[in-house]
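**Q**
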Amino acid sequence: MHLVSSLRALDWAPKLVLRVTVGFMFLSGAVGKLADLGAFAATFGESGIPLPGVTAPVVAVLELLGGLALVLGLGTRLFALVLAVIMLGALVTTIAPPLLSKYPDPWHFLSNLFYAPEWLLLGLLAWWACTGSGRYGLDQLRA
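Residue 12 is where the sequence shown starts when you use the numbering used here, and the numbers rise one by one after that.
(1) Just curious, the alpha helix (DSSP H) that P115 is in, first and last residue?
(2) Identify, in the order they occur along the chain, each residue of the same chain with its Cβ nearer than 6 Å to the Cβ of I106, setting aside the five sequence neighbours on each side.
(3) Give the secondary structure of D3 by DSSP, where H, G and I count as helix, E and B as strand, and everything else as coil.
(4) For G77, which residues of its own chain have a beta-carbon under 7 Å away from its beta-carbon, when the five flanking residues on both sides are left out?
(5) Under a three-way DSSP split, which group does F51 fall into?
(6) Keeping to the same chain, check which residues put their C-beta closer than 7 Å to that of A140; ignore five residues upstream and five downstream.
(7) Assuming L136 contacts M98 (C-beta within less than 8 Å), just tell me the rounded distance between them.
(8) Does the beta-carbon distance from V31 to L85 come in below 9 Å?
(9) Cα-Cα, which of L83, L132, G49, E57 is closest to E71?
(10) The alpha helix (DSSP H) that contains F90, what's its start and end?
(11) Return the first residue and the last residue of the alpha helix (DSSP H) that T225 is part of.
(12) Quick check on DSSP: helix, strand or coil for G134?
(13) For G59, does the three-state DSSP call read helix, strand or coil?
(14) Where does G78 sit, in a helix, a strand or coil, going by DSSP?
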């Protein structure tokens, strides 16, 4: 019982580490996308995303701001929701189509889809959209 109580008292730690880690993933990824915006827009065009010259920079800036927001725990619910929509878009436009071509049967398609990092990120972002930043985030200062 003592171990469970001790672990429960530390439940804030993995939440904080995950939030900062995922935030940094988006932040650093966005910096790379903004550094070579032409290549990023080209991948949007190849995936059939409309207006890649507009949507790619918007997505890159939202990922930059969203990543920073997650790191700081500021506006966590809003930015988690925005980033979740971006991850859903990535799954639908760039991840799922090649998997569906390679694995037409539902079992293998879903098995491989659930291994995509975007799927895990979508789940984490949905969780933060519902629960907020946790104990150690700037959102708590505003509450």
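Backbone N, C-alpha and C define an ideal beta-carbon position, used for all residues, glycine too. The structure displayed is predicted, hence computed values, not measured ones.
**A** Quick answer:
(1) Counting along the chain, P115 falls outside any alpha helix (DSSP H), and DSSP gives it neither H nor E.
(2) A127, E129
(3) Residue 3 cannot be examined here, being either before or after the span of the chain that is shown, 12 to 154.
(4) If we look at G77 and ignore the five residues flanking it on each side, its Cβ neighbours are F37, F90, V93, L94.
(5) helix
(6) R88, A91, L92, A95
(7) L136 to M98, Cβ: 6 Å. Contact.
(8) Not in contact: V31 and L85 (Cβ atoms no closer than 9 Å).
(9) This sequence places Ala at residue 71; Glu is not what is there. The candidate whose alpha carbon is nearest that of A71 is G49.
(10) 87-101
(11) The displayed coordinates of the chain run from 12 to 154. Any statement about residue 225 would go beyond what the structure contains.
(12) helix
(13) coil
(14) helix
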